[in-house]
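Student: This is the structure I want to talk about, given as structure tokens.
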Amino acid sequence: MKIFLFLFLLQFFPQKEVFQAFDFEKWEKRSSQNPVESFTGLSQLLDSIPQNSSLERGLIQVLRGKILLEMGLFQEAQAMLYEAEDLLEESSCTSCLAKNHNYLGELYYRTKGIDSSLDRHYLALEVFREEGNPEEMAKTMALIGARLEKKKEYEEAISFQLEAFKLSQSPELSLISVFILENLGSIYEDLEQYDSAGYYFEKALQTALSVQDSTHLPGIYNNLGDVHRKTGRYQEAKKYSELALRISQNQSNIYQQKSAWVDISKAFQGLNQSDSAYFSLEKARKLDEEIFSVETARQFSFHEAQYRLKEQKNQIDQLNQLSLVDSKIKGLMAGLLVLAFSLGLVIFNRQKLKIKAGNELLLQQNKLLAVKERLILSEKENINLLEARMSMEVESQAKALAAQTAHLLEKNQILEEIRKKLKQILETEPKEQKKKVRNLIKQIDYNFTQDADWEDFKESFEKVHQDFFKSLSKKGVELTPSEIKLASLIRMNLNSKEMASTLGISLESLRISRYRLRKKLGLGKGENLQQYIHCL
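Note that full-length UniProt numbering gives residue 533 to position 533 of the sequence shown, counting from 1, and the numbers run on in steps of one.
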């Protein structure tokens, strides 16, 4: 009742304006440090801003879209960035609109493709050129150069990066120049011009050290390690990758730690240290699982925050509705008291007034019923949100399955290389050593078919494709474990090369295995094996 009384009294007092000028740079920095908390704060701030303040509302939607983009929630990010575009067009803030173009360019790069991404970046560049803004021009040109590199249009990509580098020569733009120099090194690395690639990576390193930019150091050291490894200097490559690993561990950056372990594994492989290579790859795989857990937890946290915001809003709406009903009931009660007092004075109209009062009460009851129906609708919305969360869990399991499959491919590739080297040794080594090597090859062949990781893979596969193995066994056909594995890989849409690598067999053996599986399943000549398995 105290809440109702407060809301009732609040109607008779003027409301103060709570909106203040929006500080875009402050919120942009906060969004990078704590995205979930920033998104919640921005959502609450958006509710306090008047509908006619299109500039401030547009800038808030830009940052909310940016946060969702970085979390990998592309559909939601697209909706907010499009809304921001409409609002910013109303406000006539061209530089704000250009920044939004760059964020949409990043979104298109991840979803629609490079050409759509470039269209947005070119629009942004045109605006920044007209305004004469060197900082934003340099950032945008660097993004365009990176997209052109992915299209393998290297000459044009280098041109954009060099022009961006010229614009970033002032001290306050040193961080941008580090990014540009890394991009140039990456382009020359793609062109296999390793001397030029190393030159630009070294310049990026010197610039980062001079401005104390520690965030880019692990990536730069990893790039330098790649250049040394690709030129056959495996020992030096390992040192750079180990340096990148130490710095990323100090920064608690698990993404760069994973990259460093992968590069260390490749360096050990080049040094013919297979055990160390396998150990390093295992480290990378565990970090990959940790990255997946962190990203999943962050997405769950974000959706939980969204759910709480929606729930709070529903509760406020319900309180407002109940307050309105309560105030009307109080007014009706007051009217009834006046009516009761008047009944003693006006006996002639008593019956008529009773009928009128009864009709008003019936109307109020109908309104109360309407409020209850709205509460039921709100509960249905909450149920829909819970169903969305369950859908996310299924998607998470699918990602975990994909990560395990990728691990099997990498592991089998390393074992395949070891097997090839051992076969080469058989041609030159003495007889006694040949026996030992043959035994080792048999052991490796056994690992290909009896990999302990199969049980983990099977468990994850069942979570995504429920009852698949049961449906397969119901066909009344006795399948071997290898044929069951083959059926599950076909169900995952892997290509022939990936299936052969995962099963540890040749493409010819894979073709024979597919033929035997078709024969056991009783498929006719015109029936498609992949379509049949997808229908299980």
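Every residue gets a Cβ at the ideal spot worked out from N, C-alpha and C, and that includes glycine.
From which residue to which residue does the alpha helix (DSSP H) around G476 run?
Tutor: Element bounds for G476: n/a, residue is neither H nor E.
Student: Grab me the residues of Y240's own chain with a C-beta within less than 6 angstroms of its C-beta, minus the 5 sequence neighbours each way, in chain order.
Tutor: Excluding sequence neighbours, Y240 sits near Y221, L224 and G225.
Student: Work out the CA separation of E290 and Y103 for me, nearest whole Å.
Tutor: Those two C-alpha atoms are separated by around 28 angstroms.
Student: Taking only three categories from DSSP, how would you classify C93?
Tutor: Coil at C93, not helix or strand.
Student: Cβ of L521 within 8 angstroms of Cβ of V477?
Tutor: Their beta carbons are under 8 angstroms apart, which means L521 touches V477 by this criterion.
Student: Would you mind working out which of K203, L148, F22 and L243 sits nearest L118, comparing C-alpha positions?
Tutor: Per the Cα distances, L148.
Student: Going by C-alpha distance, which of M390, S252 and Q413 is nearest S265?
Tutor: Of M390, S252 and Q413, the residue nearest in Cα terms is Q413.
Student: Does the Cβ of L68 have 16 or more other Cβ atoms within 10 Å, making it buried, or fewer, making it exposed?
Tutor: Buried is the call here.
Student: Give the DSSP-derived three-state secondary structure of H465 in the structure shown.
Tutor: Looking at H465 - three-state DSSP - the assignment turns out to be coil, as it is neither helix nor strand.
Student: In whole angstroms, what is the alpha-carbon distance linking E417 and K112?
Tutor: One C-alpha to the other measures close to 37 angstroms.
Student: Is I72 helix, strand or coil by DSSP?
Tutor: In the sequence as presented, Ile is not what sits at residue 72; that position holds Gly. Here G72 sits in coil by DSSP.
Student: Taking Cβ to Cβ, would you say residue 537 is nearer than 8 angstroms to A277?
Tutor: No answer is possible for residue 537: it lies beyond the span of the chain, which begins at 1 and ends at 536.
Student: Under a three-way DSSP split, which group does E527 fall into?
Tutor: Coil, per DSSP.
Student: Suppose contacts are defined by Cβ-Cβ distances below 8 angstroms. Is Q257 in contact with L243 by that definition?
Tutor: For Q257 and L243, no; Cβs fall outside 8 angstroms.
Student: Measuring straight from C-alpha to C-alpha, what distance separates L536 and M492?
Tutor: Their backbone Cα atoms lie some 13 angstroms apart in a straight line.
Student: Evaluate H534 with the Cβ neighbour count: other Cβ atoms within 10 Å of its Cβ, from every protein chain shown; 16 or more gives buried, anything less gives exposed.
Tutor: Classification of H534: exposed, given that the 10 Å Cβ count is below 16.
Student: Can you tell me which of L63, Q193 and A357 puts its alpha carbon nearest to the alpha carbon of K26?
Tutor: Checking every option, the nearest Cα to that of K26 belongs to L63.
Student: Give me, in chain order, the residues of the same chain whose beta-carbon lies closer than 6 angstroms to that of K150; leave out the 5 immediate sequence neighbours on both sides.
Tutor: So the qualifying residues of the chain are I114.
Student: For the alpha helix (DSSP H) that contains Q235, what are its first and last residues?
Tutor: Element bounds for Q235: Y234 to N250.
Student: Rounded to whole angstroms, what's the CA-CA distance from S38 to L45? Just pull it up for me.
Tutor: If I take the Cα positions, the gap works out to 10 angstroms.
Student: How would you label I247, buried or exposed, when you count the other beta carbons within 10 angstroms and need 16 or more for buried?
Tutor: Burial call: buried.
Student: With a threshold of 7 angstroms on Cβ separation, who are the neighbours of K230 within its own chain once the five nearest residues in sequence on each side are excluded?
Tutor: Within the same chain, K230 has close Cβ partners Y194.
Student: Do S482 and S513 have their beta-carbon atoms positioned less than 8 angstroms apart in this structure?
Tutor: Yes, Cβ-Cβ distance for S513 and S482 is below 8 angstroms.
Student: Determine contact between the stretch 194–204 and the stretch 162–174, defined as no fewer than three beta-carbon pairs at a distance below 8 angstroms.
Tutor: They do not touch, by the three-pair rule.
Student: Which residues bound the alpha helix (DSSP H) around K258?
Tutor: Segment I254 to G270, the alpha helix (DSSP H) holding K258.
Student: Compare the beta carbon distance of L332 and E360 with 8 angstroms and say whether it is the shorter of the two.
Tutor: Cβ distance < 8 angstroms, so L332 and E360 count as in contact.
Student: Quick one: what's got a C-beta closer than 7 angstroms to L377's C-beta in the same chain, skipping five residues either side?
Tutor: Taken in chain order, the list of residues that qualify is empty.
Student: Mind checking whether I158 and L184 have CB atoms under 8 angstroms apart?
Tutor: Going by C-beta atoms, I158 is nearer than 8 angstroms to L184.
Student: For the putative contact between K211 and L167, defined by C-beta atoms under 8 angstroms, what is the C-beta separation to the nearest angstrom?
Tutor: The sequence given here has Val at residue 211, not Lys. V211 to L167, Cβ: 17 angstroms. No contact.
Student: From this set, Q273, K485 and N34, which residue's C-alpha is nearest E459's C-alpha?
Tutor: When only C-alpha atoms are compared, the closest one is K485.
Student: Can you say whether P50 is buried or exposed, counting buried as having 16 or more other CB atoms within 10 angstroms of its CB?
Tutor: With fewer than 16 Cβ atoms within 10 Å of its Cβ, P50 is classed as exposed.
Student: To the nearest angstrom, report how far apart S116 and Y82 are at their CA atoms.
Tutor: Whole-angstrom Cα-Cα distance: 15 angstroms.
Student: Hey, how far is the Cα of E90 from the Cα of A124?
Tutor: For E90 and A124, the distance between alpha carbons rounds to 17 angstroms.
Student: Report the CB separation of G105 from R120 in whole angstroms; it is logged as a contact under 8 angstroms.
Tutor: Contact flag correct, Cβ pair sits at about 4 angstroms.
Student: Tell me which same chain residues have a C-beta within less than 8 angstroms of the C-beta of E462, skipping the five on either side of it?
Tutor: Closer than 8 angstroms at Cβ, skipping near neighbours: F468 and F469.
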